[in-house]
Structures are given as structure tokens and as C-alpha cells.
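The block underneath contains the structure these notes are about, expressed in C-alpha cells.
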Amino acid sequence: MIIERPFYPHALWRMDKYDHSVYLTFDDGPIPEATPFILDVLDRFGVKAMFFMVADNVRKYPKLYQEVLRRGHKVGNHTYHHLGSFRHWALTYAVDVTKADALIQSPYFRPPHGWLRHTVYWWVKQNYRVVMWDLVTRDYSKWLTAEDVVYNVKHYARNGSIITFHDSLKSIDKLRTALPESLQWLTDQGYKFKVFPDDPADTHFRPSADTTRPTICHRPSPSNHLLPPGKVGGGHSIIVYVFIRPQQANSYRTKCFFHQVLCPLTRFLLMRNSQGWTSRRVHCTAISQMAG
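Residue numbers (this note's numbering): 99 to 390.
Below is the structure:
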């Protein structure tokens, strides 16, 4: 997730790195096939978590929603229809999130798939605390086994990790084994289990403990190798030429590449100068050319 972090610098990716604790989150529920089992396992270990819920599931299974709250867990907004931001207009997405808020009523929000248009991200972060993750277990993947999910937890959990599981049909078969094994291992390692505070403002730490800035930002800026000293971003532009097949020019995957990868990445190259973090104008040009 390191490559995504510069795109959403104000989102919450990890909690206090000096605190030997982890934060469990579950996405996509509630559903009767998965959520009750997850709640029972969490009760067995005395663990509280945050459930980022799809509001349409809340509408279908209101008793499950109430049961999650009754057992002391917290809930977050995961849109009403589990919308992918790049498949919908910004206004459509905003309406869907607002509609979900009427049922879920949480100050926390997590975008499905972890991606947002930047126009949508700007709007969302004005109204919610955007929570991403430090460790996604990939329990939903058909290519992974329960043992793989446990492996991911064991090898990538660290202080302050926000760990993402899913209470979904895709994940529940693996979670029946992976969830209790993961919780047992985390317990044996001495981790405490915490949940996000009621007030999202309390998720901001002192600068010395703040880990929301992306890891790669601590490396020397690539822009220093692109422009003369003292001229970093000073009225310059980066022109990026991308050669694609004409038949792919308007494909969904190509649009995602430009909006989510290329444009933010080129902007990032000019973000840091000797005066600190600033935004710079970047020209991104695509040229279609028939591949040989």
C-alpha cells in the first residue's frame, strides 16, 4: 500500500507506531453467512473491532447491525452500494455515501477497494475520517488459502497496524480457520486490540508519533534528479508520454491508470522542495500510437 499513500495523505493508514497494539477492521458486511461467526470469535478472544458496513446490507439485516453494536463494536461507512469510485460520477458517489450515513451514522469512512477519485476524496475528507489500512489480509482472494491469510498477518502485523478482514461470502470459508489462528498469534505476541475513538480528531498524534505520512516520502526526493538545484518545481513541468494502442485508449483500465497512478505519481515527483511540501502543476500528455 506504500504506492497509494501519497495519493491520500490525510487518510489514516496506521496508528501509533510506538504502541504495541493493532486495530481490527471488517469490510462489506453485515451478512448472516459471515458476521455472526466473526462476532463469536471476537467475543471468545475479548476483542473489539470496527465494521465498515455496506448500508444496503444494513437495510437487509438490521438485526445483525444492532447485534454488532450490542456486542460493543463500532461501525464505519463503506458506501450504500459498495461503489467503486472510478466507475461512477463524483456526485453519484457522494449521494451514495450520504445515503449510507443515514443508516450507519459514523464519522469514519473507508472507500471500497481503497480507491477514490481525487475530487471525491476532497469531499469525503471534509466530512469523514478516511480510514485505509496498514495490512490487508487478502482473505477475499480465491488464490489464497486460510494458511496464506494467517501468513500475511504474522509477517506484516506491526505496532499500530490497521488490519483489514472481510465479513463476506468470498472470505468466510478462509476466516473460519484464519481468524481464530490470527487472533491467537497476535495475542501470543503481546499485541493489544484497540478500536478507533468516538471522536475522529483523537486519531491525530503528536508529530513524533504521526505515521500517516507515506514511508517513501522519507527518501530523497526524485525531483532533485530531474531539475536543477533551487529550481525544483519552480515553474517547470514534467511532460509524460505514454504510448498505448488506439483500441485501448478509452478502456476502463487505461482511465484508471491515468487518474489513479500516472497523474498522482508525476505530481508527487514535484511535491517536495527546500521550502517544504507544495503542490505543483504537472502536464500529463498521452499519445496513442500503434504498437509494433
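Glycine included, C-beta positions come from ideal geometry on N, C-alpha and C.
For residue i, the residue or residues it bridges with in DSSP
i    : result
S119 : K290
M151 : N175
F207 : N175 and V228
D125 : F150 and H264
Inter-residue CB distance, residue i and residue j (contact presumed, cutoff 8 Å)
i    : j    : result
I270 : T123 : No, I270 and T123 are not in contact; Cβ-Cβ is about 16 Å, not under 8 Å.
M230 : A109 : 5 Å
K240 : W283 : In fact, because the Cβ distance is near 24 Å, the residues do not count as touching under 8 Å.
V228 : F207 : 6 Å
A255 : V120 : 6 Å
Own chain, CB closer than 7 Å to residue i, minus 5 neighbours either side, in chain order
i    : result
R199 : With the sequence shown as reference, residue 199 is identified as Asp, and Arg is not the correct amino acid for it. Closer than 7 Å at the Cβ level, and outside the excluded window around D199, lie N175.
E279 : V248
A147 : L122, T123, F124, L140, H171 and V293
D300 : none
R169 : L137 and D141
P205 : Y226, R227 and P298
Span of the alpha helix (DSSP H), counted from its first residue to its last, around residue i
i    : result
H264 : Premise fails: H264 lies in the beta strand (DSSP E), S259 to H264, not in any alpha helix (DSSP H).
A200 : A188 to I202
H180 : Unbroken run through H180: none, as it is neither H nor E.
A109 : Element bounds for A109: n/a, residue is neither H nor E.
Y238 : From DSSP, Y238 is part of no alpha helix (DSSP H); its letter is neither H nor E.
A244 : A244 to Y254
L162 : P160 to R168
R142 : T133 to F143
Contact set for residue i: own chain, Cβ-Cβ below 8 Å, skip 5 residues either direction
i    : result
H323 : Since pLDDT at H323 reaches only 34, below the 50 mark, its modelled position is unreliable, and the value read off the structure follows with that caveat. If we look at H323 and ignore the five residues flanking it on each side, it has no Cβ neighbours.
L267 : I129, E131 and A132
T177 : V152, A153, Y191, D194, V195, A198, P209 and P210
H118 : N257, G288, Y289 and K290
A188 : R215, T217, V218 and W221
Chain C contact for residue i (CB, 8 Å cutoff)
i    : result
W213 : Here chain C cannot be found, since the structure has a single protein chain.
Sequence-distant residues of the same chain with beta carbon closer than 6 Å to residue i, five excluded per side
i    : result
D286 : none
L281 : F143
L242 : R236
V234 : T262
V156 : Y163 and L201
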